[in-house]
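**Q** Structure incoming, see below.
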C-alpha cells in the first residue's frame with residue numbers, strides 16, 4: 001500500500017512549458033501502427049485512444065494537409081477531455097523495419113555515418129551538410145504544423161532508441177539538437193527524448209555520461225518545456241541488468257525544466273520514484289500499462305488492480321484490438337467525473 005507521502009508526491013501539480021498538469025503521470029509515446037497506409041492517423045481509433053485519460057508502415061505522419069486535419073480532430077478530442085498532448089517528431093535514419101523497407105522498394109537510407117545497425121541491415125549513406133539542414137527545416141515545419149494548425153500543446157523531438165537524432169548524438173554511429181524547432185514554435189512548447197544508456201538496435205557508448213552531460217549543458221539555455229529520459233534498465237522492449245542511473249543527468253539538469261522518466265514503471269515503482277526524487281520536477285511516463293488501462297491515473301490514485309496488457313496486440317495494424325477495447329474499472333464507471 002502506498003503511503004500518503006508517496007501519493008502526495010506523484011499527484012502534486014506541475015507546470016511544463018505553458019501547460020499545467022494536475023498530476024505527474026503521462027502516457028509515453030508509443031509505436032502502435034494504427035495509422036492508414038498513407039500515414040494519416042485513423043481518427044476514430046486514435047481520438048478514443050489518446051482521449052482516454054518514416055520507413056515504417058502505418059506510422060502516423062504530419063507532412064500532408066490530410067495528416068494535419070486528422071491530428072487536429074484527435075487533439076481536439078484530447079482537449080475536450082481535459083488532456084494535454086505533445087506531438088513526438090522522429091526521423092528513423094538507418095533504423096528501419098526490414099520487411100517494410102523491402103516492401104517499399106529498398107529506398108536509400110541515411111545516417112550520421114556509413115555504419116549499419118548490424119550485418120542484416122543495409123549500410124546507410126552519410127548525410128551531407130545540405131541534407132542535415134533539410135532535416136532540421138522539416139522538423140521545424142512539422143512542429144509549426146503540429147502546434148499552430150493541429151493544436152498540439154507542444155512537440156517532443158525523438159532523440160532516443162537509435163533513431164536519427166540519436167545516431168548523431170552517440171559516438172558508435174557518428175564518427176565524423178539544435179534550436180530550429182524551438183525557434184519555430186517556442187522553447188516552452190519544445191522537448192526532447194534521450195536514451196543515454198540504451199544498447200537497443202546497435203546503439204550504446206562505452207561511457208555515455210560525458211557526452212550526455214555536455215548535451216544537457218548545451219540544451220539548458222534553450223529553456224525547453226521538459227526533457228524525457230529513458231531508464232537504463234530498459235533496452236527496447238527488454239529489461240536489462242545495470243548499475244547505471246539517470247540521477248547524474250537529473251542533477252546536472254538541476255530543474256531547468258521538468259524531467260519525464262520512462263520505461264518499465266509500475267504503479268508502485270512510480271510512487272516510490274516520485275517520493276525518492278522529490279527534489280526534482282519529475283513526471284513518470286507509462287507505456288504498456290497505459291495501453292491496457294484506460295483511466296490509469298484513477299487506478300493508481302485509488303490502488304485499483306490493473307488489467308494485464310497483451311503484447312501480441314501492440315502492433316496490430318489499424319485494429320481496435322488491444323488499442324481501445326480494454327475496460328475502464330468498475331470504480332471509474334461509478335464515479336466518471338473524478339480524477
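In the UniProt record's numbering, the protein residues as written are 1 to 339.
Note that CB positions come from ideal geometry on N, CA and C, so glycine has one too.
#1: Per DSSP, which one or two residues make a beta bridge with residue 18?
#2: Identify which residue in 150, 293 and 290 has its Cα closest to the Cα of residue 77.
#3: What beta strand (DSSP E) runs, 3 residues minimum, are completely inside the stretch 69-124?
#4: If you count every other CB in all the chains shown that lies within 10 Å of the CB of residue 98, and 16 or more means buried, which is it?
#5: For residue 299 versus residue 329, is the C-beta spacing smaller than 8 Å?
#6: Is the beta carbon of residue 9 less than 8 Å from the beta carbon of residue 275?
#7: Within its chain, find whatever has a CB closer than 7 Å to the CB of residue 75; leave out the 5 residues flanking it on each side and keep chain order.
#8: Using the rule of at least 16 other Cβ atoms within 10 Å of the residue's Cβ for burial, across every protein chain shown, is residue 251 buried or exposed?
#9: Where does the unbroken beta strand (DSSP E) through residue 228 begin, and where does it stop?
#10: Return the CA-CA distance between residue 210 and residue 217, expressed in angstroms with no decimal places.
#11: Inspect the beta-carbon positions of residue 184 and residue 144 and report whether they are closer than 8 Å.
#12: Could you pull the start and end residues of the alpha helix (DSSP H) that residue 140 belongs to?
#13: Residues in its own chain within less than 6 Å of residue 154 by CB, not counting five upstream and five downstream?
#14: Could you check the C-alpha separation between residue 288 and residue 295 for me, to the nearest Å?
#15: Got a sec, what are the start and stop residues for the beta strand (DSSP E) residue 209 sits in?
#16: For the stretch 89-106 against the stretch 126-143, do three or more pairs of beta-carbon atoms, one drawn from each stretch, fall closer than 8 Å, so that the two count as touching?
#17: Kindly indicate which three-state DSSP category residue 245 falls into: helix, strand or coil?
#18: Distance check for residue 245 and residue 112, CA to CA, integer angstroms please.
#19: Assuming the contact rule is C-beta atoms closer than 8 Å, residue 94 and residue 124 should be a hit. Round their C-beta distance to whole Å, please.
#20: So, with DSSP's three-state summary, where would you put residue 190?
#21: Classify residue 24 as buried or exposed, calling it buried when 16 or more other Cβ atoms lie within 10 Å of its own Cβ.
#22: Is residue 148 helix, strand or coil by DSSP?
#23: Please report the distance separating the alpha-carbon of residue 186 from that of residue 82.
#24: How far does the beta strand (DSSP E) with residue 23 in it extend, from its first residue to its last?
#25: In chain order, which alpha helix (DSSP H) runs of at least 4 residues are fully inside the stretch 241-286?
#26: Quick one: what's residue 155 bridged to in DSSP?
#27: Can you tell me the Cα-Cα spacing of residue 284 and residue 70, whole angstroms?
#28: If we ignore side chains and look at the alpha-carbon of each, how far apart do residue 333 and residue 286 end up?
#29: Are the Cβ atoms of residue 229 and residue 182 separated by less than 8 Å?
#30: Whose CA, out of 156, 136 and 168, lies closest to the CA of residue 404?
#31: Confirm, please, whether the CB-CB distance from residue 260 to residue 280 is below 8 Å.
**A** Taking the coordinates as given:
#1: According to DSSP, residue 18 bridges with nothing at all.
#2: 150
#3: Listed in chain order, they are 86-89.
#4: exposed
#5: yes
#6: yes
#7: 85, 150, 151 and 152
#8: exposed
#9: 226-230
#10: 11 Å
#11: Yes, Cβ-Cβ distance for residue 184 and residue 144 is below 8 Å.
#12: For residue 140, the uninterrupted alpha helix (DSSP H) run begins and ends at 129-144, by DSSP.
#13: 17, 86, 189 and 225
#14: Rounded to whole angstroms, the separation of the alpha carbons of residue 295 and residue 288 is 13 Å.
#15: Taken as a continuous stretch (DSSP letters only), residue 209 belongs to no beta strand (DSSP E), being part of the alpha helix (DSSP H) at 208-219.
#16: Yes, the stretch 89-106 is in contact with the stretch 126-143.
#17: Of the three classes helix, strand and coil, the one that applies to residue 245 here is coil, per DSSP.
#18: 27 Å
#19: 4 Å
#20: strand
#21: When all chains shown are included, residue 24 counts as buried.
#22: helix
#23: 23 Å
#24: Run containing residue 23: none; DSSP gives neither H nor E here.
#25: 247-253 and 267-276
#26: 87 and 190
#27: 28 Å
#28: 22 Å
#29: In this structure, residue 229 sits away from residue 182, with a CB-CB distance that is not shorter than 8 Å.
#30: Here the chain comprises residues numbered 1 to 339, so residue 404 is not present and cannot be evaluated.
#31: no
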